[in-house]
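Enquirer:
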Amino acid sequence: MERKFCAAFSRHGIFHCNHEMALPLKTTSFDTVHVSTGKASAVNLRSNCDMDIKSKGIIDVLSEANARILFDALDAIDGPKIITWDPALIKQFNLVTTTEQLKQHKVVSMLQLDLSPRVPQVEHNHVVYILSTSNASVINKLIACLKHAQSINDNRQHHALIVPEASFMIRDTLRQNREASSVLKTLESLPLRLFPLYSDFLTLLMDNLPSKLLLDNDWTELQKCASAVRQLELLVGCLPNLRCKGKWAAQVVEIVKKMRIQDEAEAVSQHSDFQISDIILIDRWIDPLTPLLIQLTYAGLVDEIFDMGPTGNIKVSKVKSANDSVDAASEISLHDPLFEMIRDLHIKDVGKKIAETLGTLRDERARLRENPPTDSLAESKVFVRRLLDMQGSEKHADTHTMIAERLMRFIRDDLRYSTFPKLAIDILQGEYGDRVIPQIENLILEAYDPLIVLRFIALQCMVAGGFKIATISAYERLFIQSYGGYYISLWIKLQITGLLWERHGKIKCEYAPFDFQTSCHRMSCFVDEEHSAYGTTAYPYSGYIPLIARHIEIGVRNSWRDWTTILSDDHLTVDRGTHSIIFIIGGITQAELACLRKTRFSNKLLIVSSAVMTVFPTMNIIQWYCMMENLHDVCRQENEENGQFPQKLSFIGKMHGYDGRTQEMYENIIRKVEQLMDDMTRQLISNATNEEDVEVEVKMLFGKLVDSPKNATSTNFKKNLCSMQIISGSFDATVTAIDASSSSVTYQESITSSCSSPFQQITIKEDKTNEEIEKKGESAENSASFDIVTFRGFVR
């Protein structure tokens, strides 16, 4: 049983094998964080060299405060203990502590919380579950673990630490489950809210804040932001000035004011190293447009194309070619000095900077070769240290050269993507008005990535101040006929959030439509080439200054005249020893970070945001909701037909007894079928004339993937998915069950088809005889009215 438990954890590829004690080894690589797999189930936390925290001051103090909160919670549990981590928190805690530090606080082993409820018996008295509130299924997993502990009469004490706080809903859920609550000894909050990502940037890792505010109207997210502001205030001895702009920011300031009154008796930390003079809060809805633009800085493009994780790293597998053998879990750390130099550069200037760095390193190596050390021990130590530093710098240069080459290869291979920056700027400058843009129309007809398409449609809508009914109807009709009903909920929810709207439309939003033209003209967001050189706030976006950066620039210039300000009674003097903190509620892009770093403050600047994003986060969250809702319906209907899992599936698609591999398989199937349908549509449309309708018959073989007579007939399946409208210029996706002999596709080319594409409604009836199947196959092959694309697959 224990062997199965360990194997289940090691499948995730984040554990290290240690037979005596399941603790990971220390990571020693500066560039690539390699995570080993093995028999035991230990979580690999970062080493001391993974973080880029060089400066002394507020970042160091905050890191120490976070570690102290964690260690105090662990020390309150006396005796050896094992930590069971929520997988979503592992990378976040890489920013807080190290494995060696946890050992000092009697942590003897670390595991990952998974569907398996069994915690192996090792030398410990306590099991500590560290969980997040971002995923509702985590509490169900905790309950499963606690129930299992009760069933085997586990005499160990079980504790739960919830990050950042144990809400009433969580406490009530556990209280209602008597079996679980009888085993759980303590349930406490672990108030870790701010995580240092760079030496001048903190993140709350709250990616879904805008969607919760705009879709769910959940204002508790602002309470979390206010708690983070209050945590910053308690780090220093004096209260800073509070300045805010925007509805969300004003609400956060009101909450902070109430917290100040409640915490008057609470002692504040006295750190003479730094003081905070101002906390400047501005919300994302002041400028929802800029995240829709294509980022042009090095860090921005890396984040958009390769997806930086919560720790600011990228996976090696996304950079290396498919032929290279790499560990799927290994990552490239982007916290080296060279990245700090080039992260804010325009992509066109990155190659030049790397070449200059390599030239400097070559000169340094030549000087070392010409001046070898003497017999002096001190000179030898200096020589070795310089040599090691130079080798590290060369390794960093090689890494970023590889990443830059991979970026350019991606843009070269995707001819469409290379045109997107110009398209975005043309839309931003009002070249198209509110009429249908031919390039967007072509992207829709080619069934290009729907998020990219919606990104440009929403951008045009905000620039134009809304669409007239003819334009939005044309876009909607094209969108539905190319992507089907599966994505229509994404379209509707974008309208609800206010990112897409019709002038004088019936859908009323919580917030007034964004008036870009007025704001842009009043704030002078476009500047000429002379004022968009390197070192200016217009440089990252090639002549455009984001509205958030512009508001802050003008605020600094006119002493925050147009901002709501709560002055501090401490009357701090603003000098180079103090900090100003900019807090963006709702997320910020890497390119906007580059703009804010160029803003001229009279003191030091620290930037805080709820998250780092690549596009307005509501779009990604809504797409995830759509996928999970569809997956939930498919899984539930199949399970009911098969007589399995009579319980209702949870929203996340998992439940007790539900195998996580099944969900992963469903997601892979949907992704594969969608990709095949997209490729097929692009090919057929490119070959067709403008007046010709394109019809496609999709053939799928259902049956067991074995050489058996049972393959000759298919089984009854009925999946009530979204049907596609048959509109001129679109394709009619129909499905026919065929015999293996009538298909030209081999089993090696087949796809797993236990879950169908969300683009179509599938109804497959059992064929009575092989003769009928052969006739159907011959009829399809002889048809000349449409193209035929055949898929084969199997069901379990």
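Quick note, the working numbering runs 1402 ahead of the 1-based positions in the sequence shown. Heads up, the beta-carbon is just placed ideally off N, CA and C, and yes, glycines get one too.
1) With a floor of 3 residues, list each beta strand (DSSP E) that falls wholly inside the stretch 1542-1576, ordered by position along the chain.
2) So, residue 1713 versus residue 1746, is the Cβ gap smaller than 7 Å?
3) Based on the DSSP output, what are the partners of residue 1786 in its beta bridges?
4) According to the Cβ coordinates, are residue 1732 and residue 1721 closer than 7 Å?
5) Label residue 1654 either buried or exposed according to how many other C-beta atoms from any shown protein chain fall within 10 Å of its C-beta, with 16 as the threshold for buried.
6) Tell me the residue span of the alpha helix (DSSP H) that contains residue 1999.
7) Evaluate contact between the stretch 1523-1537 and the stretch 1546-1565, counting only Cβ atoms and requiring at least three cross-stretch pairs below 8 Å.
8) Measuring alpha carbon to alpha carbon, tell me which of 1690, 1968 and 1824 ends up nearest residue 1914.
9) Would you tell me roughly how many angstroms separate the C-alpha atoms of residue 1755 and residue 1824, rounded to the nearest one?
10) Have a look at residue 1895 and residue 1543 and give me their C-alpha separation to the nearest angstrom.
11) Do residue 1596 and residue 1464 have their C-beta atoms within less than 7 Å of each other?
12) Excluding the five sequence neighbours on either side, which residues of its own chain have a C-beta within less than 7 Å of the C-beta of residue 2009, listed in chain order?
13) Among the residues of its own chain, which have a CB less than 7 Å from the CB of residue 1860, if the five just before and after it don't count?
14) Per DSSP, which residues does residue 1621 bridge with? Please list them.
15) Using C-beta distances below 6 Å, list every residue in its chain close to residue 1806, excluding the 5 sequence neighbours before and after it, in chain order.
16) Taking the continuous alpha helix (DSSP H) assigned at residue 1608, which residues delimit it?
17) Is it buried or exposed for residue 1893, if we count other Cβ within 10 angstroms and need 16 for buried?
18) Looking at residue 1980 and residue 1679, is the spacing between their C-beta atoms short of 7 Å?
19) Could you tell me which whole alpha helix (DSSP H) segments of length 4 or greater appear in the stretch 1816-1868?
20) Since residue 2014 sits in a beta bridge, which residues does DSSP pair it with?
21) Which partner residues does residue 1680 have in the DSSP bridge list?
22) For a test of the three-state rule: what should DSSP assign to residue 1910, helix, strand or coil?
23) On the three-state DSSP scale, how would you describe residue 1638?
24) What is the C-beta distance between residue 1986 and residue 1684, in whole angstroms, given that I count them as a contact (C-beta under 8 Å)?
25) Take every Cβ of the stretch 1771-1783, pair it with every Cβ of the stretch 1804-1819, and state whether three or more of those distances are shorter than 8 Å.
26) From residue 2017 to residue 1991, what does the alpha carbon distance come to, in whole angstroms?
27) Starting from residue 1743, follow the alpha helix (DSSP H) in both directions and report where the run begins and ends.
28) How many whole angstroms separate the CB atoms of residue 2259 and residue 1634, which I take to be in contact at a CB cut-off of 8 Å?
29) Just how far apart, CA to CA, sit residue 1677 and residue 1971?
30) According to DSSP, is residue 1878 part of a helix, a strand, or is it coil?
31) Between residue 1585 and residue 1614, what straight-line distance do the alpha-carbon atoms span, to the nearest angstrom?
32) Please give me, in chain order, every unbroken run of the alpha helix (DSSP H) with length at least 4 that falls completely inside the stretch 1920-1982.
33) Assuming residue 1587 is part of the beta strand (DSSP E), what are its boundary residues?
34) Our contact map puts residue 1976 next to residue 1605 with C-beta atoms below 8 Å; I'd like the distance itself, whole angstroms only.
35) So residue 1510 is in the beta strand (DSSP E); what residue range does that whole segment cover?
Expert: The structure says:
1) Counting whole runs of 3 or more residues, the stretch 1542-1576 contains the beta strand (DSSP E) stretches 1559-1565.
2) Their beta carbons are not under 7 Å apart, which means residue 1713 does not touch residue 1746 by this criterion.
3) In the DSSP secondary-structure assignment, residue 1786 is not bridged to any residue.
4) Against a cut-off of 7 Å, the Cβ pair of residue 1721 and residue 1732 comes out as no contact.
5) When all chains shown are included, residue 1654 counts as buried.
6) Start and end: 1992-1999.
7) Verdict: yes, contact present.
8) In terms of CA proximity to residue 1914, 1690 leads the group 1690, 1968 and 1824.
9) Each residue's alpha carbon lies about 24 Å from the other.
10) If you draw a straight line from the Cα of residue 1895 to the Cα of residue 1543, it is about 30 Å long.
11) It is a contact, given that the beta carbons lie within the stated cut-off.
12) Correct list, in chain order: 1602, 1603, 1984, 1995 and 1998.
13) Close CB contacts of residue 1860 within its chain, under the 7 Å cut and outside five residues either way in sequence, are with 1694, 1896, 1901 and 1902 (chain order).
14) For residue 1621, DSSP records no beta bridge to any residue.
15) The answer, listed in chain order, is 1752.
16) In the DSSP assignment, residue 1608 falls outside any alpha helix (DSSP H), carrying neither H nor E.
17) It is buried - the Cβ of residue 1893 has at least 16 other Cβ atoms within 10 Å.
18) Cβ atoms of residue 1679 and residue 1980: closer than 7 Å.
19) Segments of the alpha helix (DSSP H) lying fully in the stretch 1816-1868: 1822-1830, 1840-1847 and 1852-1866.
20) Under DSSP, the beta-bridge partners assigned to residue 2014 are 1990.
21) Its beta-bridge partners are 1643 and 1982.
22) Residue 1910 sits in coil when the DSSP states are folded into three classes, being neither helix nor strand.
23) Assigned with DSSP and collapsed to three states, residue 1638 falls in coil, not helix or strand.
24) About 6 Å separates the Cβ atoms of residue 1986 and residue 1684, confirming a contact at the 8 Å cut-off.
25) No contact exists between the stretch 1771-1783 and the stretch 1804-1819.
26) Roughly 8 Å between the two C-alpha positions.
27) Counting along the chain, the alpha helix (DSSP H) containing residue 1743 begins and ends at 1739-1744.
28) Outside the displayed range of the chain (1403 to 2198) lies residue 2259, so it cannot be described from this structure.
29) Rounded to whole angstroms, the gap between the alpha carbons of residue 1677 and residue 1971 is 14 Å.
30) Assigned with DSSP and collapsed to three states, residue 1878 falls in helix.
31) In a straight line, the C-alpha of residue 1585 is about 33 Å away from that of residue 1614.
32) Entirely contained in the stretch 1920-1982, the alpha helix (DSSP H) runs reaching 4 residues are, in chain order, 1949-1959.
33) Taken as a continuous stretch (DSSP letters only), the beta strand (DSSP E) holding residue 1587 covers 1586-1591.
34) Wrong, their Cβ atoms sit about 25 Å apart, outside the cutoff.
35) Membership of residue 1510 in the beta strand (DSSP E) is indicated by the continuous run 1509-1514.
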